[in-house]
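Below: the structure, in structure tokens.
Residue numbers (my numbering): 68 to 163.
This is the structure in structure tokens:
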């Protein structure tokens, strides 16, 4: 399922703000449910934001992009035949 980048960023900011205010207990579920997204997706985005912000060890988004470029890795949509590519437009998400 693909979520709009604005929604993803807003959810991550909201959850990090709640955690900073000491309201982290159950906050991921509340934020995800209110915004209509999968809880695991939100958890993954927050973890990546923490890596990118230097608060958690791991590969940053910019490093991953640089490595992919260096080795010529293409997004999955670029290597799938046109009839098998997902039809997801920016700003939309799939409903199961």
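C-beta: ideal position from N, C-alpha, C; glycine also.
Original post:
Ordered along the chain, which non-local residues of its own chain (more than five positions away) have a Cβ less than 8 Å from that of residue 83?
Top reply: 113 and 116
Original post:
What's the C-alpha gap between residue 129 and residue 108?
Top reply: Going from the Cα of residue 129 to the Cα of residue 108 covers about 20 Å.
Original post:
What is the rounded straight-line gap between the Cα of residue 101 and the Cα of residue 133?
Top reply: C-alpha separation (whole angstroms): 35 Å.
Original post:
Using DSSP with H/G/I as helix, E/B as strand and the rest coil, what is residue 123?
Top reply: Residue 123 falls in the coil class under three-state DSSP.
Original post:
What is the DSSP secondary structure of residue 84, reduced to helix, strand or coil?
Top reply: DSSP places residue 84 in helix when its eight states are reduced to three.
Subject >> Coarse secondary structure for residue 92, derived from DSSP in three states >> reply: coil
**OP:** Check each candidate in 89, 104, 138 and 139 and name the one with the smallest Cα separation from residue 76.
**Re:** 104
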